[in-house]
Every structure is written in C-alpha cells, then in structure tokens.
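Report on one structure; see the data block that follows.
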Amino acid sequence: MKNLALFFLTFVFSLNIYANTVSDKEKDALIKFYHATNGSHWKIKWNLALSVSTWYGVQIENGKVVAINLADNNLKGELPFELGELKNLEILCLSKNELQGNLPGSLYTISTLKILLLNNNKFSGNLSPEIINFQALQNLSLFDNNFEGGIPKELEKLHNLSEMNLSYNHFKGSASKDLISLDALNMTMFDENGNPFLIEINTEKETTLITKNE
Numbered sequence: 001m002k003n004l005a006l007f008f009l010t011f012v013f014s015l016n017i018y019a020n021t022v023s024d025k026e027k028d029a030l031i032k033f034y035h036a037t038n039g040s041h042w043k044i045k046w047n048l049a050l051s052v053s054t055w056y057g058v059q060i061e062n063g064k065v066v067a068i069n070l071a072d073n074n075l076k077g078e079l080p081f082e083l084g085e086l087k088n089l090e091i092l093c094l095s096k097n098e099l100q101g102n103l104p105g106s107l108y109t110i111s112t113l114k115i116l117l118l119n120n121n122k123f124s125g126n127l128s129p130e131i132i133n134f135q136a137l138q139n140l141s142l143f144d145n146n147f148e149g150g151i152p153k154e155l156e157k158l159h160n161l162s163e164m165n166l167s168y169n170h171f172k173g174s175a176s177k178d179l180i181s182l183d184a185l186n187m188t189m190f191d192e193n194g195n196p197f198l199i200e201i202n203t204e205k206e207t208t209l210i211t212k213n214e
C-alpha cells in the first residue's frame, strides 16, 4: 500500500513537471525575445538557467506558453521574428515600455491571441492587413505609439473585437463608424506637426461586422 501511494505521488509530480515544461522551440523563442528586448536591464529579469515556469510574467498551460505579461518592465528594442513561434499565445501585454520598430510579420500568425496590449511604447510602421488572422482577438490596445499609414479595413472583420484603442498615433485616412466607436478617444491622432486631429468617419456604407459589448 505504501509503495502504491509513493507511485501515485511520483506520477502526479511527473505530470506537474510535464505540464510546466515547454518545447525547446518555445523556450528558444522566449530567450530570443529576452535578449532582443534588453532582458539584462529589465526591472524583473528572467533567470535563464531555471525552468521557464519560474520566469516572471510567463504563464504556461499544458506545456504551452499562453500568456506573457511584462507591462512596465523596462523592455527596450524590437520584437524578434521568433515571437511567432508561440503558437498558443492568448495574451501578450507589453504596455508601458520602450519597445520600437515595426511589428514582426510573424506576430500576425498567432491566431490564438485574445488580448494584445502594446500601448505606451515607441512602435512605428504600418499595421499589416494580416491582422485579419486575429480572429480570436477581443482587446487591442496600440494607444500612444508611432504607428502610421491607413487603418486596415480588416479590423472590421474581427468579430470578437470588443475593446480597442488606436489613439495617439499617426494613422491617416478614415475608418467606419462602428470601428471608431470602439475607441474611447474616437481615434485622436497626431499630424506631422504634433497637432491632434480626429480620424474621419467613412460614411460610404455602414458595417455591422464588429461585435460590441452592450
């Protein structure tokens, strides 16, 4: 009986270890992310010699990285292409840091993303039409960055999107009334002189593709 109990405890312990062990590919992606964003100078650093399950801000479920929350942690640099290897990521919160550059194309391949918070950084460049791949996305915050170009119409096809803030960037052009209504600041942008202006409402046709919380 004693041996049976010992076997059971060993079995449960091994299951817990397995559940908190990610693949080499995901671990390597996290390490690349750490180095690319100046990890040695983060407020709360990762000890790369320890298990990924001990790394601050990383959530693992069934051996998969499902969430990264490193808001206000002194991240600097650009997001690496390898970030796209985190195929099961549901939450990515990197707000209030000093990240810059374009969003890597690989990010748009993570179709499981539900929450993407990149506000209060220094990101730039255009948003790719590939944003349509974020079919599970519920909350998108790009507030206070340096994004430019047009607002992708593909955003209107994200049926689960119920919260969004694109304001205080350099987007131009127009957007649908439904899309603008998701932004609490009605998409207030900055022009080339730093003056605020409101994105125009596209009144050519109404769209009902956005699902909003009442």
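Take the sequence shown: its letter number 135 is residue 135 in our numbering, and every next letter is one higher. Using N, Cα and C, we set each Cβ at its ideal position, and we do this for glycine too.
- Here isoleucine 180 has Asn186, Met187, Ile199 and Ile201 as same chain residues with Cβ atoms under 8 Å from its own Cβ, once five neighbours each way along the sequence are excluded.
- Proximity of the region 99-111 to the region 42-60 falls short of the contact definition, fewer than three beta-carbon pairs being nearer than 8 Å.
- Residue pairing by DSSP puts glycine 77 in a beta bridge opposite Leu99.
- Contact between isoleucine 151 and alanine 184 is absent: CB atoms are separated by about 16 Å, not below the 8 Å threshold.
- If you draw a 10 Å sphere on the C-beta of leucine 50, you find fewer than 16 other C-beta atoms in it, and that means exposed.
- Within its own chain, the residues whose Cβ lies closer than 7 Å to the Cβ of histidine 170, once the five positions on either side in sequence are excluded, are Asn146, Phe147, Glu148, Met189 and Phe190, listed in chain order.
- Residue state for lysine 87 is assigned as coil, using DSSP reduced to three classes.
- If you look at serine 181, you'll find it isn't in any beta strand (DSSP E); it sits in the alpha helix (DSSP H) that goes 177-181.
- In the three-state reduction of the DSSP assignment, serine 162 falls in the coil class, being assigned neither a helical nor a strand state.
- For phenylalanine 143, there is no enclosing beta strand (DSSP E), as DSSP marks it with neither H nor E.
- Beta-carbon to beta-carbon, asparagine 133 and threonine 109 are separated by about 6 Å, close enough to satisfy the 8 Å threshold.
- DSSP, reduced to helix, strand and coil, places valine 22 outside both helices and strands of the structure shown, so it counts as coil.
- Following the DSSP letters along the chain, one finds glycine 125 inside the beta strand (DSSP E) bounded by residues 122-125.
- The alpha-carbon of glutamate 61 is positioned some 11 Å away from that of glutamate 90.
- For threonine 188, the enclosing beta strand (DSSP E) covers residues 188-190.
- Going by DSSP, valine 66 is part of the beta strand (DSSP E) stretching over 64-69.
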